[in-house]
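Residue numbers (this note's numbering), protein chains in the order written: chain A, 1319 to 1586; chain B, 2 to 379. In this text, a Cβ means the ideal position worked out from N, Cα and C, and glycines have one as well. Just below is one structure, and these are the notes that go with it.
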């Protein structure tokens, strides 16, 4: 056997262990009978049952899903418009500024984004009277701002890859610019928008910092609830919840991967 | 008289009084400080199959895109059927374009791709799809109507693109390297297919290509472009036999170019001194040349005859040695080094000939008729 024969498998094993050992231990302990998180007390689905009876967690999950759904929708609309303007409109005044600003939320520390949004909402409430107090609406707006940046990046790269002569061909065949956008551009970049939507959805589900800044009473997202529970000590039902989330995320990732592969095949 | 009448009917560009269908007037296109098309004027007649021929970056595609309306000319005007196109957007022009990449809509079936133009025109669906069926028949694609573009071969996609561009019966069809993506065999078949379709529908075709064989086969007339300028416009035979410049002579087919000096002009024959040939070359007299003027001679490889003995009737004959022979099947190509050291290319058809064929290292006479030596001044 050559030297390379065992180095590569070892590297793979090491990589996988590094990535998945924490997740696997979490999944295993979610089926633990014992109340002590680190002591194995036999197999049980008890914590899953307990989870379903926990009104606080179920309520927070519902809030999180609503926030993620609406902010993903809004982010796709705003992000697509931004990407289209940047890629297709050529040179215009302020283009460079927009290019920079659209990607700023990607690199900005979350604490700063959260804080600045909070200040904005507070001063808007004082001057405009809207949004009255903080809650679901403000979280959705906050999540839309940073999710839109991600969608814009994905949509931009898809638009750049797209053969521009497709749009020209549609123009040539008698379609006006708006018609071309809906008939040709949008369907062609739809797979990218779907993956952008899913990405925005997961990012929003995931977010703790920004949500903590801009939420108000009665609007706690799931990460916020988990975080506050864990501060009082890790309870096994959080493990069960995490396992369910991992399951959902895995399915979503598989769907996105399948769609992207299919898209790549269609592009010949 | 009847003969000239026919000529005028099928070749309107020969009649100076005929008004061209498409008039390109002093068109210039600049991108920042780069001039892609420089003061081009051109008239193209109804029913023509006009080829714009040139290397990459010569401005031929830019000119085509200005006709389609995707680029706005910096200066000049384009008239189609007497109408100024300056303020007409691409979706309102009486032109349709076939793109080099074909630009088939990937999310639509063949049928819907072809129908797209008609539906945008507001044609009722039933009527539109009936026309689509007819058009698919013309390009022999009926069995593929329900396929998506990615399920088709290159040749089939090319025909879908053609059908889609023709469905609105445009006054002018613009084709950007229509056969560029096909392999050699398919390309030859498709060339004649294109001519058949063009003659069936009578639409004016403007084809952009870098392939001189393609242009020669397809075109009623060719416009040879270089550096944003049209060097020469003419029928394929005209361009091949009477190139105006060294560039055109060299670009179309292969050619041996010689530098020469005008020595003496007699009424029936003109004599040039050509050091590369090793002496005097006799050519037919040509107007506008003065004694001592430096000119260029273009000699096509197939116009040179090789023989072991000096042909008695030949007015121009030089001796040389065969350096290389290439057998291509229907013909052979020779590289002959003349005694002056100059290498010339010669091609000879492989007819059944008496005797042993000429081979490597043989001493030969290269002879050519006076008319074969085309005198160029540009």
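In DSSP terms, what residue i is bridged to
| i | result |
| --- | --- |
| residue 52(B) | 208(B), 223(B) |
| residue 296(B) | 261(B) |
| residue 1566(A) | Bridge partners of residue 1566(A): none, in fact. |
| residue 280(B) | 275(B) |
| residue 30(B) | 38(B) |
| residue 306(B) | 368(B) |
| residue 333(B) | 328(B), 349(B) |
| residue 80(B) | 24(B), 85(B) |
| residue 60(B) | Its beta-bridge partners do not exist; DSSP assigns none. |
| residue 375(B) | 299(B) |
| residue 177(B) | 209(B) |
| residue 344(B) | 338(B) |
| residue 233(B) | 225(B) |
| residue 323(B) | 337(B) |
| residue 153(B) | Partner(s): none; residue 153(B) has no beta bridge. |
| residue 98(B) | 175(B) |
| residue 1450(A) | In DSSP, residue 1450(A) forms no bridge with anything. |
Minimum Cβ-Cβ distance from residue i to chain A less than 8 Å
| i | result |
| --- | --- |
| residue 360(B) | no |
| residue 102(B) | yes |
| residue 236(B) | no |
| residue 164(B) | no |
| residue 92(B) | yes |
| residue 6(B) | Note that residue 6(B) has pLDDT 47, beneath the 50 cutoff, so the model's placement of it is unreliable and the number below is only indicative. No, its Cβ sits nowhere closer than 8 Å to a Cβ of chain A. |
| residue 182(B) | no |
| residue 98(B) | yes |
| residue 169(B) | yes |
| residue 106(B) | yes |
| residue 32(B) | no |
| residue 19(B) | no |
| residue 294(B) | no |
Chain B contact for residue i (CB, 8 Å cutoff)
| i | result |
| --- | --- |
| residue 1484(A) | yes |
| residue 1509(A) | no |
| residue 1578(A) | no |
| residue 1512(A) | no |
| residue 1405(A) | no |
| residue 1506(A) | yes |
| residue 1502(A) | yes |
| residue 1582(A) | no |
Residue nearest to residue i in terms of C-alpha spacing, selected from the options
| i | options | result |
| --- | --- | --- |
| residue 25(B) | 16(B), 69(B), 13(B) | 69(B) |
| residue 1405(A) | 1342(A), 1560(A), 1480(A), 1557(A) | 1480(A) |
| residue 287(B) | 72(B), 264(B), 309(B) | 264(B) |
| residue 257(B) | 335(B), 38(B), 59(B) | 335(B) |
| residue 195(B) | 379(B), 211(B), 213(B), 167(B) | 167(B) |
| residue 176(B) | 240(B), 368(B), 233(B), 102(B) | 102(B) |
| residue 393(B) | 277(B), 83(B), 372(B) | Past the edges of chain B, shown from 2 to 379, lies residue 393(B), and the structure says nothing about it. |
| residue 340(B) | 324(B), 349(B), 298(B) | 324(B) |
| residue 1520(A) | 1383(A), 1378(A), 1551(A) | 1383(A) |
| residue 49(B) | 35(B), 14(B), 148(B) | 14(B) |
| residue 321(B) | 327(B), 308(B), 150(B), 332(B) | 308(B) |
| residue 120(B) | 1488(A), 1353(A), 1402(A), 1524(A) | 1488(A) |
| residue 1463(A) | 1496(A), 1431(A), 1374(A) | 1431(A) |
| residue 1456(A) | 1549(A), 1386(A), 1336(A) | 1386(A) |
| residue 1551(A) | 1434(A), 1354(A), 1518(A) | 1354(A) |
| residue 342(B) | 259(B), 208(B), 105(B), 237(B) | 259(B) |
| residue 1437(A) | 1410(A), 1532(A), 1498(A) | 1532(A) |
| residue 1364(A) | 1564(A), 1555(A), 1580(A), 1566(A) | 1555(A) |
Checklist line | Contacting positions in the segment 238–252 of chain B - beta carbon closer than 9 Å to chain A | finding: none
Check: Would you call the segment 152–164 of chain B and the segment 37–56 of chain B in contact, with 3 or more CB pairs under 8 Å?
Finding: no
Check: Between the segment 68–88 of chain B and the segment 1456–1476 of chain A, do at least 3 Cβ pairs fall closer than 8 Å?
Finding: no
Margin query: For the structure I just gave you, are there three or more beta carbon pairs, one from the segment 1383–1392 of chain A and one from the segment 1507–1525 of chain A, closer than 8 Å?
Written below: yes
Margin query: Counting only Cβ-Cβ distances shorter than 9 Å, please list the residues of the segment 1487–1498 of chain A near chain B, keeping chain order.
Written below: 1487, 1488, 1489, 1490, 1491, 1492, 1493, 1494, 1495, 1497, 1498
Checklist line | Selection of the segment 114–148 of chain B by Cβ proximity to chain A, strictly under 7 Å | finding: 117, 118, 121, 122
Margin query: So, does the segment 56–63 of chain B touch the segment 224–236 of chain B, judging by three or more C-beta pairs under 8 Å?
Written below: yes
Notebook entry, point to check: If contact means a Cβ-Cβ distance below 7 Å, which residues of the segment 192–213 of chain B contact chain A?
Noted result: none
Checklist line | Short-range partners of chain B found in the segment 1457–1485 of chain A, where Cβ spacing is below 7 Å | finding: 1481, 1483, 1484
Margin query: Please list, in chain order, the residues of the segment 66–84 of chain B that have any C-beta partner in chain A closer than 7 Å.
Written below: 69, 71
Check: Can you find at least 3 beta carbon pairs, one from the segment 1493–1506 of chain A and one from the segment 104–114 of chain B, that sit closer than 8 Å?
Finding: yes
Margin query: Under 8 Å, with one C-beta from each stretch per pair, do the segment 1414–1429 of chain A and the segment 1444–1460 of chain A reach the 3-pair mark?
Written below: no
Notebook entry, point to check: Are three or more beta carbon pairs between the segment 1363–1380 of chain A and the segment 1541–1549 of chain A nearer than 8 Å?
Noted result: yes
Margin query: Is it the case that the segment 1490–1500 of chain A contacts the segment 117–133 of chain B, given that we only count it when at least three CB pairs across the two stretches are under 8 Å?
Written below: yes
Note to self: Quick check: the segment 360–379 of chain B against the segment 308–319 of chain B, are at least 3 beta-carbon pairs closer than 8 Å?
What the structure shows: yes
Notebook entry, point to check: Does the segment 1345–1360 of chain A come close enough to the segment 1558–1578 of chain A that 3 or more CB-CB pairs lie under 8 Å?
Noted result: yes
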